[in-house]
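Chains as they are written, first to last, in this note's numbering: chain A, 1032 to 1452; chain B, 7 to 378.
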């Protein structure tokens, strides 16, 4: 068992965790950063563009990766899972399980293991829209640039093709999980969110046709390094998707699913509308909504810009039925156009369900004094010291808000540590 | 937006809807999921989303001559998919109750029937009427109900009760029809075709099959409906045998007037099954769609007591337990009388208003089924 002593522990290596870690480190504190998956970057690393500036998230991530890489104060561990947290503000003891990567840091990223690996599985980076090998790296921008062998997919004992192919002795198929104890003064929770499982919304047809997808899938489809190379096409037949409908509040603001507003989906769909409109000048986009929520002048301006596009129809009325036309293979969305006063059925090529943010903080075993509310988010207690929540641990948030909160949480964590020393 | 619309909310109407089982009304945030998942609404100006906002805002006048609330069969699909637990199906049910009160004169009787506190009075009135007219002395010898309460007295009391109920109902729907025509701006249509098409819908119970969540309601309603038809036939034959052929009750399956007994027993068995299913369905779906209001349960109770007292009176008569048979028969009479006299004020009035609304929807072209 290894031991590590640090000032602040940050749980989650997405944009919130990265920000909190680097901000606190640059203020002179030692940070341990834990990430459950094999790579840092979290949800943001799967995005095509940020709203409202429509710039690529990769550059923002890259800056943070560099800050971590060249900082002597940040130690990060991927494939790390919290098993237990005990203690109190100023002195926590955290037990962490480090799952085996089967690839050590001699890896140069040469791709030889991937080339020879005989096992193919659904690619989780792309939400199962394509396949990847059991020996893989999530993308060319991944950090660390160190391959990983998928524990669930690898045949292990009866195959050693990857380790035979590796010229650098980087592959160790006998690697075992390890336990690590971390002593820390404060904890920042930045475990993020999961896309809500669209198959639970039985009237929206997810799973009945490959052309009914979710908004996070749309990000991958529009991404250059995604399953279609950035071309927005129907997944069923590869045809250009020129008629696209966005179904807002797919599960959000719905007490049968997520009782709260997921805060980002309206802007996300408006942003994705631009992907379609830019790619196909003769495309037609429909967005069905209950209310369009774009708070603040920047977001409002973004909405108004989209509104001016006559090929984008914003229709007030929630879609409550999505089906596939058996003859034409079109997707049909049904809603009541409230302002026009009648039911509408629209035939489209691609239906994007704007699914919301399901909280993840409940998956971490937390001390008893940390309160989780009925929606699954952490309630920042008035007297809560020592453990701080950031971004989607507290509320559904977009990147801008998460980053601001992460900076704030870094300061809070520093205050807790500072009081002690 | 140059012209201002002045909204005049009728707060008493809103309170009335909330009190009648629509307490979830204010939760609605107008997403229109309900209108889309509804399988029975027309595509143009669909319900129940618009009814929800009218009711929230207390726009009572919008419901004057509105057939839509009656086209709703309370399948509860809308309630099951409602993201806010606003229970549109329950709200429309509460609005229907308000419509009954609005159209079935005199209004105070409708108020009496729909007020929980007056329930004892509801059944005390028929009991007193029957006590005064019937005399009631428990006769010696074999149990014969007509010795206890003469058949002709029954005819004398129950015929006016039924005629009263029917007359109030018919007057109500005539007013309702006029209002619907005015509200929809419809002046003419195919009345005969509409009536025939509506009758077909009622006879087949076809519309029930469009329902999703509460599909099982088809069977229970079908059973209760046709049991009453059977009982009406039994009553018709009863009058024929007693007054024309001078065959005295009780009838038997193996003697003259067997047909009366046959329909009577079939109706009783059907009611027993149908009412039991109705109650079971309500409990089964309670978590998702609500248990129902006082208004719903009053009618279920009246029908259940009519059914149970009818069957028990028959069985105790056969068993020769006079001490039970006669009092139970009295209860039976009280509840049958209640069913008749409260016909246009209780939930049973849906027979008039829903039938008329379905007919009007076809007449006005809102329901397209008679065009093809």
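Ideal Cβ placement from N, Cα and C applies to all residues, glycine included.
For residue i and chain A, any beta-carbon pair shorter than 9 angstroms?
i, result
"residue 39 of chain B", "yes"
"residue 36 of chain B", "yes"
"residue 288 of chain B", "no"
"residue 191 of chain B", "no"
"residue 22 of chain B", "no"
For the ligand ADP, any of its heavy atoms closer than 8 angstroms to the Cβ of residue i?
i, result
"residue 63 of chain B", "Looking for the ligand ADP in the displayed structure turns up nothing, as the structure carries no ligands at all."
At 7 angstroms on the CB atoms, spell out the chain B contacts of residue i, in chain order.
i, result
"residue 1351 of chain A", "39, 42, 43, 87"
"residue 1234 of chain A", "43, 87"
Go ahead and label residue i buried or exposed: buried means 16 or more other beta carbons lie within 10 angstroms of its beta carbon, across all protein chains shown.
i, result
"residue 1279 of chain A", "buried"
"residue 80 of chain B", "buried"
"residue 1451 of chain A", "Residue confidence is low: residue 1451 of chain A scores 43 on pLDDT, short of 50, so the model does not pin down where it sits. Its coordinate-derived value is still stated next. Flag for residue 1451 of chain A reads exposed."
"residue 1445 of chain A", "buried"
"residue 381 of chain B", "No statement about residue 381 of chain B is possible, as the shown extent of chain B runs from 7 to 378 and does not include it."
"residue 1359 of chain A", "exposed"
"residue 249 of chain B", "exposed"
"residue 1409 of chain A", "buried"
"residue 1296 of chain A", "buried"
"residue 47 of chain B", "buried"
"residue 289 of chain B", "exposed"
"residue 176 of chain B", "exposed"
"residue 1386 of chain A", "buried"
"residue 1060 of chain A", "buried"
"residue 1090 of chain A", "exposed"
"residue 1244 of chain A", "buried"
"residue 1210 of chain A", "exposed"
"residue 1074 of chain A", "buried"
"residue 374 of chain B", "exposed"
"residue 1067 of chain A", "buried"
"residue 1288 of chain A", "buried"
"residue 238 of chain B", "exposed"
"residue 1238 of chain A", "exposed"
"residue 1412 of chain A", "exposed"
Taking residue i as the query, report the chain A residues whose CB atoms sit under 7 angstroms from its CB, ordered along the chain.
i, result
"residue 372 of chain B", "In chain order: nothing, as chain A lies at least about 12 angstroms away."
Kindly list, in the order they appear in chain B, the residues whose Cβ is closer than 9 angstroms to that of residue i.
i, result
"residue 1360 of chain A", "Simply none; closest approach about 22 angstroms."
"residue 1286 of chain A", "88, 89, 90, 91"
Any C-beta of chain B sitting closer than 9 angstroms to the C-beta of residue i?
i, result
"residue 1366 of chain A", "yes"
"residue 997 of chain A", "This structure leaves residue 997 of chain A out entirely; chain A is present only between 1032 and 1452."
"residue 1387 of chain A", "no"
"residue 1280 of chain A", "yes"
"residue 1369 of chain A", "yes"
"residue 1348 of chain A", "yes"
"residue 1321 of chain A", "yes"
"residue 1451 of chain A", "Bear in mind that a pLDDT of 43 at residue 1451 of chain A, under 50, signals an unreliable position, so the number given afterwards is only what the model happens to contain. Chain B contact via Cβ: absent."
Kindly give me the distance between the Cβ atoms of residue i and residue j, rounded to whole angstroms, as I take these residues to be in contact under 8 angstroms.
i, j, result
"residue 105 of chain B", "residue 359 of chain B", "6 angstroms"
"residue 1166 of chain A", "residue 1105 of chain A", "With a Cβ gap of about 27 angstroms, residue 1166 of chain A and residue 1105 of chain A do not count as contacting."
From the beta carbon of residue i, is the nearest beta carbon of chain D less than 9 angstroms away?
i, result
"residue 1374 of chain A", "Absent from the structure: chain D. Protein chains present are A and B."
Exercise. What residues in the segment 40-60 of chain B bring their beta carbon closer than 7 angstroms to a beta carbon of chain A?
Worked result: 41, 42, 43, 49, 50, 51, 52, 55
For this session: With 8 angstroms as the C-beta to C-beta threshold (strictly closer), list the residues of the segment 89-109 of chain B near chain A in chain order.
Result: 89, 90, 91
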